[in-house]
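Each residue of the sequence shown is one higher than the one before, starting from 1 at the first, in full-length UniProt numbering.
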Amino acid sequence: MKFISIGIIEDNLDFLQSLCGVLEENPSLHLKTWNSAEEFWAEDAAKEWDLLILDIGLPGMTGIDVLKTYHTVQSRKSLVISSLQTDDAIFSALRNGASGYIWKSELDSLHDTIQTLLDGGSVISPSIAAKVLLSFRKPQPNLDSGVGVEVLTPRERQVLELIVEGDSPHQIASLFGTTVGTVRQQIKTIYKKLQVNTRVQMVKKARQFGIF
Numbered sequence: 001m002k003f004i005s006i007g008i009i010e011d012n013l014d015f016l017q018s019l020c021g022v023l024e025e026n027p028s029l030h031l032k033t034w035n036s037a038e039e040f041w042a043e044d045a046a047k048e049w050d051l052l053i054l055d056i057g058l059p060g061m062t063g064i065d066v067l068k069t070y071h072t073v074q075s076r077k078s079l080v081i082s083s084l085q086t087d088d089a090i091f092s093a094l095r096n097g098a099s100g101y102i103w104k105s106e107l108d109s110l111h112d113t114i115q116t117l118l119d120g121g122s123v124i125s126p127s128i129a130a131k132v133l134l135s136f137r138k139p140q141p142n143l144d145s146g147v148g149v150e151v152l153t154p155r156e157r158q159v160l161e162l163i164v165e166g167d168s169p170h171q172i173a174s175l176f177g178t179t180v181g182t183v184r185q186q187i188k189t190i191y192k193k194l195q196v197n198t199r200v201q202m203v204k205k206a207r208q209f210g211i212f
């Protein structure tokens with residue numbers, strides 16, 4: 001029998017017990033668990049697991065932080081099982097290498113999910129798939145025309161849209177996995193290209209050119 005190694009990082013002990021109970025139905029799965037990201041790294045646990053399962057809302061170092069480091073090796077596979085339904089959490093996890101993202105209420109199909117991931121596929125909950133499709137369907141800001149307005153880069157357009165929606169530089173940095181300093185510099189560049197000097201003016205200009 002070929003054993004499949006699965007590492008699990010989950011701080012909710014009740015859910016961890018339920019999760020392990022489901023996984024142990026398959027005798028070929030070899031499980032190792034940790035209650036925090038810090039425990040995971042302290043044990044030099046970032047070995048070549050066949051699959052790493054983790055939550056996003058961990059105490060201290062978050063699941064996103066784990067993904068950023070763990071996926072410096074491209075071949076690694078990870079599955080987020082979480083109750084966090086914010087766009088920030090979902091898209092940040094997927095951008096940082098997660099092979100799948102499902103809700104904690106979806107353990108009934110967990111074995112099929114794992115097999116799909118091990119076969120090289122990806123799995124996301126239907127409601128998450130809807131969010132992903134919606135993000136692609138959002139109208140792009142019409143900033144390519146207008147007197148004195150330079151064309152923004154795709155990332156600058158994303159930053160501008162998030163600012164219009166009310167996100168702070170810290171939130172944007174977390175979403176894109178970059179530094180606050182980088183985001184602030186992007187905002188300065190947007191100010192220059194849109195020929196504005198304040199956030200209020202920038203939002204007004206964004207509305208003028210179709211951000212919302």
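Glycine is no exception: its CB is placed at the ideal position from the N, C-alpha and C atoms.
Query - Range covered by the alpha helix (DSSP H) that runs through T72 - result: Taking the first residue of the sequence shown as 1, we reach residue 72 at position 72. Segment: none, T72 is in no alpha helix (DSSP H) and carries neither H nor E.
Query raised in the report: To which residues does DSSP link W103 through a beta bridge?
Result: Numbered from its first residue, the sequence shown carries residue 103 at position 103. Partner(s): S82.
Requested in this report: Measure the alpha-carbon distance for G177 versus Q171 and round it to whole angstroms.
Outcome: As a first step, residue 177 must be located in the sequence shown, where it is residue number 177. As a first step, residue 171 must be located in the sequence shown, where it is residue number 171. Distance between the alpha carbons of G177 and Q171: 10 Å.
**Report entry** CA nearest to the CA of T62, picked from L152, I9 and Q185
**Finding:** Residue numbering aside, residue 62 sits at position 62 when the sequence shown is read from its first letter. Checking every option, the nearest Cα to that of T62 belongs to I9.
Requested in this report: Starting from I8, trace the beta strand (DSSP E) both ways and give me its first and last residue.
Outcome: As a first step, residue 8 is located in the sequence shown; it is residue number 8 there, counting from the start. Where I8 is concerned, the enclosing beta strand (DSSP E) stretches over I4 to I9.
Query raised in the report: From A129, E48 and T33, pick the residue whose C-alpha is nearest to that of I90; which is it?
Result: Within the sequence shown, residue 90 is the residue found at index 90, counting from 1. Checked all of A129, E48 and T33; the closest Cα to I90 is A129.
Query - Bridge-paired residues (DSSP) for K32 - result: In the sequence shown, residue 32 corresponds to position 32, counting from 1. Looking at the DSSP assignment, K32 forms a beta bridge with G7.
Report task. Inspect the beta-carbon positions of D11 and S28 and report whether they are closer than 8 Å. Result -> Walking along the sequence shown from the start, residue 11 turns up at place 11. Walking along the sequence shown from the start, residue 28 turns up at place 28. Going by C-beta atoms, D11 is not nearer than 8 Å to S28.
Requested in this report: Quick one: residues in its chain with C-beta nearer than 7 Å to the C-beta of F3, no 5 flanking neighbours on either side, listed in chain order?
Outcome: Within the sequence shown, the letter at position 3 stands for residue 3. Only S28 and H30 meet the Cβ criterion.
Query raised in the report: Any chance the stretch 191–203 sits against the stretch 112–123, with 3 or more Cβ pairs inside 8 Å?
Result: no
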